[in-house]
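Asks: So the sequence shown is numbered by the UniProt record's numbering: it starts at 1 and just counts up by one.
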Amino acid sequence: MDKVVASAADAVADIFDGARLAVGGFGVVGVPEFLIRALRDQGAKDLTAVSNNAGVDGRGLGLLLQTHQIKRMIASYVGENKEFARQYLSGELEVELTPQGTLAEKLHAAGAGIPAFYTITGAGTQVAQGGIPFKYDSQGSVVEASEPKETKVLDTFGQPREYVLEESLPCDFAFVRAAKGDRHGNLVFHSSARNFNPPAAQAGAVTIAEVEQLVEPGEIDPDEVHLPGVYVTRVVVLTADQVADKPIEKMTLRED
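1) Please work out which residues of its chain come closer than 6 Å, Cβ to Cβ, to D172, disregarding the five sequence neighbours upstream and downstream, and give them in chain order.
2) What span of residues does the alpha helix (DSSP H) with V5 cover, start to end?
3) Who pairs with V230 in a beta bridge, going by DSSP?
4) Rounded to the nearest angstrom, what separates G27 and V153 at their Cα positions?
5) Considering Cα atoms alone, identify which of V56, M73, T233 is closest to D46.
6) If we ignore side chains and look at the alpha-carbon of each, how far apart do F16 and S51 end up?
7) Starting from the Cα of P148, find the closest Cα among Q126, D155, Q202 and give me that residue.
8) Alpha carbon to alpha carbon, what distance is there between V188 and Q42?
9) So, for G185: in the same chain, excluding its five sequence neighbours on each side, which residues have a beta-carbon less than 7 Å away from its beta-carbon?
10) Using 8 Å for Cβ pairs, my map puts L107 next to Q202. What's the rounded Cβ distance?
11) Within the region 30-69, note down every full beta strand (DSSP E) run reaching 3 residues or more, in order along the chain.
12) Say whether the region 89-105 touches the region 132-149, bearing in mind that this needs 3 or more beta-carbon pairs closer than 8 Å, one atom from each stretch.
13) Which of the three DSSP states is assigned to D14 in this structure?
14) Taking the C-alpha atoms as reference points, what is the distance between V211 and P160?
15) Would you decide whether A13 is buried or exposed? Buried here means 16 or more other CB atoms lie within 10 Å of its CB.
16) If you run the structure through DSSP and keep just helix, strand and coil, what is F84?
17) Could you work out which residue in I70, L238, R59 is closest to A22 when comparing CA atoms only?
18) Would you call G130 buried or exposed, if buried means 16 or more other Cβ atoms sit within 10 Å of its Cβ?
19) Here's the rule: buried if 16 or more other CB atoms are within 10 angstroms of the residue's CB, otherwise exposed. What is Q139?
20) Output needed for F34: all residues of its chain with C-beta closer than 8 Å, excluding positions within five of it in sequence on either side, in chain order.
21) Tell me, please, which residues DSSP counts as bridged to T239.
22) Which first and last residues belong to the beta strand (DSSP E) in which L103 is found?
23) Could you pull the DSSP bridge partners for A145 from this structure?
24) Buried or exposed, going by whether 16 or more other CB atoms sit within 10 Å of the CB of T252?
25) Taking 8 Å as the threshold, find out whether the region 101-118 comes into contact with the region 55-71 through three or more Cβ pairs.
In structure tokens:
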């Protein structure tokens with residue numbers, strides 16, 4: 001039951017080319033930064049990354065974009081990464097934009113064994129009708145776009161409304177970051193760092209967690225567990241310096 005591995009490099013060693021990878025975090029908060037760095041050094045390529053956003057330049061998934069290891073990005077927000085925008089608009093990167101709540105549920109549904117679900121989000125828009133550019137060529141022409149999705153009118157609380165069928169997103173691997181974890185993989189997230197980490201973990205066939213503090217089994221009160229260890233395959237313990245390496249995405253200072 002001891003899921004602790006010696007290093008991040010050991011934890012990501014079996015990630016293969018073409019894998020689909022779910023990654024927790026929101027902006028620069030709760031991002032499994034050191035697993036991402038280990039994967040950059042490991043070199044797996046042609047990856048499909050599933051995350052709320054694509055990191056920022058030089059941090060998070062932005063590191064894998066710099067090394068061109070990501071082939072397709074499935075995300076809900078991509079506005080803070082200039083290299084991401086450059087690759088997308090130049091035809092080097094495939095991008096599948098997904099509404100934020102829908103993306104979270106696609107990951108959660110994968111962990112729950114639900115292959116698809118209906119949602120009102122996107123009904124009557126290009127999300128349902130198709131035509132959202134997935135890939136451009138070097139001249140800026142669309143070479144791949146989203147297909148129309150199945151819709152259905154359902155009567156909810158006496159009001160017929162159109163809903164969109166969305167498929168879940170099971171992933172080969174998942175990276176998450178937690179404030180605390182035990183050797184069995186039970187995790188606790190700190191405040192807003194919880195964000196996309198639980199659904200990302202649930203979607204992974206192999207889920208790897210980097211933790212800031214390792215405790216022994218039984219030291220976490222069961223009522224405090226945010227993610228049960230059944231979803232976690234490997235645990236990597238961060239050093240004190242790694243724990244302290246937490247960037248601020250945007251800082252605004254007041255003049256004295």
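Built from N, CA and C at the ideal position, the CB exists for glycine as well.
Replies: Considering the structure as presented:
1) Along the sequence shown, one-based indexing puts residue 172 at 172. A19, R20, A205, listed in sequence order.
2) Position 5 of the sequence shown, counted from the first residue, corresponds to residue 5. It is not in any alpha helix (DSSP H) - V5 carries neither H nor E in the DSSP assignment.
3) What you label residue 230 is simply residue 230 of the sequence shown in a count that begins at 1. None, per the DSSP bridge assignment.
4) Walking along the sequence shown from the start, residue 27 turns up at place 27. Walking along the sequence shown from the start, residue 153 turns up at place 153. Each residue's Cα considered, the two are about 35 Å apart.
5) Counting from one through the sequence shown, the residue named residue 46 turns up at place 46. Nearest of V56, M73, T233 to D46, Cα basis: M73.
6) What you label residue 16 is simply residue 16 of the sequence shown in a count that begins at 1. What you label residue 51 is simply residue 51 of the sequence shown in a count that begins at 1. If you take the alpha carbons of F16 and S51, they lie about 18 Å apart.
7) Taking the sequence shown and counting its residues from 1, one reaches residue 148 at position 148. The candidate whose alpha carbon is nearest that of P148 is Q126.
8) Mapped onto the sequence shown, residue 42 falls at position 42. Mapped onto the sequence shown, residue 188 falls at position 188. One C-alpha to the other measures close to 28 Å.
9) Taking the sequence shown and counting its residues from 1, one reaches residue 185 at position 185. Around G185: K3, A209, G229, V232, V235.
10) Here the question's residue 107 lines up with position 107 in the sequence shown. Here the question's residue 202 lines up with position 202 in the sequence shown. The Cβ separation is near 6 Å, so the contact holds.
11) 47-50
12) yes
13) Residue mapping note: residue 14 aligns to position 14 of the sequence shown, counting from 1. Three-state result, D14: coil.
14) Here residue 211 refers to the residue found at position 211 when the sequence shown is read from its first residue. Here residue 160 refers to the residue found at position 160 when the sequence shown is read from its first residue. Near 46 Å, if we compare the C-alpha coordinates of P160 and V211.
15) The residue you call residue 13 lines up with position 13 of the sequence shown. Exposed: under 16 other Cβ atoms inside 10 Å.
16) Here the question's residue 84 lines up with position 84 in the sequence shown. DSSP places F84 in helix when its eight states are reduced to three.
17) By one-based count along the sequence shown, residue 22 stands at place 22. Nearest option by C-alpha distance: I70.
18) Within the sequence shown, residue 130 is the residue found at index 130, counting from 1. Its Cβ having fewer than 16 others within 10 Å, G130 is exposed.
19) Here residue 139 corresponds to residue number 139 of the sequence shown, with the count starting at 1. Looking at its Cβ environment, which holds fewer than 16 other Cβ atoms inside 10 Å, Q139 is exposed.
20) As a first step, residue 34 must be located in the sequence shown, where it is residue number 34. Only A8, E210, V236, L238, Q242 meet the Cβ criterion.
21) Position 239 of the sequence shown, counted from the start, is the residue given in the question as residue 239. The partner list for T239 (beta bridge, DSSP) is empty, contrary to what the question assumes.
22) Here residue 103 is taken as the residue at index 103 of the sequence shown, counted from 1. Segment 100-112 is the alpha helix (DSSP H) holding L103; no beta strand (DSSP E) there.
23) Position 145 of the sequence shown, counting from 1, holds the residue named residue 145. According to DSSP, which records beta bridges pairwise, A145 is partnered with P133.
24) Sequence index remark: in the sequence shown, residue 252 carries index 252 (1-based). Counting Cβ neighbours within 10 Å, T252 comes out exposed, since fewer than 16 surround it.
25) no
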